[in-house]
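So the protein sequences, as listed, match chains A and B.
Mapping the first sequence onto my numbering, position 124 (from 1) lands on 124, and the numbers just tick up by one.
In my numbering, each number is its position in the second sequence, counted from 1, plus 1000.
From the three backbone atoms N, C-alpha and C, an ideal C-beta is built for every residue, glycine too.
Fair warning: this is a prediction, and the values are worked out from it, not measured in the lab.
Written below as structure tokens is the structure these notes are about.
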Amino acid sequence: MVKDESPFMKYLRRDRLPTIFCAGCGNGIVMNTFFKGMEMAEVDFDNLIMVSGIGCSSRIPGYVACDSLHTTHGRPISFATGIKLANPEHDVVVFSGDGDTAAIGGNHLIHGARRNIDITVVCINNNIYGMTGGQISPTSPKGSYGSTAPYGSLENPFNLSGLVTAAGGSYVARWTTAHPVQLSKAIKSGLENKGFSFIEVISQCPTYYGRKNKLRTPIDMLNWLEESSINKKRADKMDEEELIEKIVVGEFQNKPQPEFTDKLCKLLEEQCVTGKPTSIRSAYLED
Amino acid sequence: MITVNKNLCKGCGLCTEFCPIKIFKESEEPNEKGINLPVLDKEEKCAKCGLCSLICPDQAIKVDEED
């Protein structure tokens, strides 16, 4: 390791740096916390596969020096399902934004959770479409401004963590980029959990969300995230009206359940007439 | 010992704000890129918690834990 380098630099593709993210973007913080969580969970970096869709946050796997796949808009969970079924021993992680998981890929998300396949989804929710010019996304808070909502958004936002909990995800947590230590612990638990793990990170987009909503600097945005966060244990005792404009953070679900890849491999072994199933990792076998 | 990589820092200021002891401050003169880099103000008070290195979005900060 070269002197004066960040401890996370060893996981990055140096020739691609500096990143294209705006100054103060939350994606870099999520990268750091992911590496920290990965170190705590003792995941082998060579065994890791990262998948992403389209968006600012989906550029993260391009900067990480592991096997990665940059896929079509909204479909990273489908691609990750294929990777996991073909290579059950690998750790598959999906990085995606709110446009990927809540808007175009909403169905893939709920069906991944329903199936309880062993992938870890890190959803970086910045409450706006940052890459395309600040349009309102399905997770934009009610009343927030965007380029398609000059008078404030009228729609109710999606509660993504609640959605995945209801759909059957076995580990669901939500934190913000203002809680990097708690977030890395949640990522550790998500990686260790055998089943569908969903970690929602409320992140800052100072360039679009901040500029349209009077939070111009990354410091203002992180202070806003920190002030409006409220822990789930406290929020459970509060009324709905008290929780307006609050971000409920914490662990929503931690209930291990039978996992899909295990069930499928077991079925293949039971039903195989030739003795040993060849469909798993068949591309790697010698002729 | 804390080092800030001048090539990677984009001057967002998160380290200056979120250090619990506020050991960073913004430099008064911008560098050739127009960025006010964080400079160390009272480094001897550093508790080596590593929060600056975790919160830096551009992986520019290294905290040496040895000394």
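When 7 angstroms is used as the limit between beta carbons, S1027 (chain B) is near no residue of chain A, the shortest such separation being about 15 angstroms. In this structure, the straight-line span from the alpha carbon of N47 (chain A) to that of L1051 (chain B) is close to 28 angstroms. Here the alpha carbon of V51 (chain A) sits roughly 37 angstroms from the alpha carbon of E1032 (chain B). Here I199 (chain A) carries a strand assignment [DSSP, helix/strand/coil]. Secondary structure note for H70 (chain A): its beta strand (DSSP E) is the uninterrupted segment D67 to H70. Within chain B, no residue has its CB atom less than 9 angstroms from the CB of N213 (chain A), the nearest being about 18 angstroms off. Short of 6 angstroms from the beta carbon of R174 (chain A), and not among the five residues preceding or following it, lie these beta carbons of its own chain, in chain order: S161, E200 and V249. Here the alpha carbons of E245 (chain A) and K142 (chain A) stand approximately 8 angstroms from one another.
Among the bridge pairs identified by DSSP, L12 (chain A) is matched with A:V64. Between I1002 (chain B) and I1055 (chain B), the CB-CB gap reaches or exceeds 8 angstroms.
Shown here, L1008 (chain B) sits in coil according to DSSP, grouped into three states, outside any helix or strand. L109 (chain A) and T101 (chain A) have their alpha carbons spaced roughly 6 angstroms apart. In the DSSP assignment, R174 (chain A) falls within the unbroken beta strand (DSSP E) covering Y171 to T176. Counting along the chain, the unbroken alpha helix (DSSP H) around K185 (chain A) starts and ends at P180 to E192. What I1021 (chain B) touches in chain A, judged by beta-carbon distance under 9 angstroms, is nothing: the nearest beta carbon there is about 16 angstroms away. Taking C-alpha positions only, C25 (chain A) is separated from R211 (chain A) by approximately 13 angstroms.
Distance from V93 (chain A) to Y11 (chain A) at the Cβ level is roughly 12 angstroms; contact not present, criterion being Cβ atoms closer than 8 angstroms. For K36 (chain A), the CB contacts under 6 angstroms within the same chain, skipping 5 residues up- and downstream, are S184 in chain order.
G134 (chain A) and R75 (chain A) have their C-alpha atoms roughly 22 angstroms apart.
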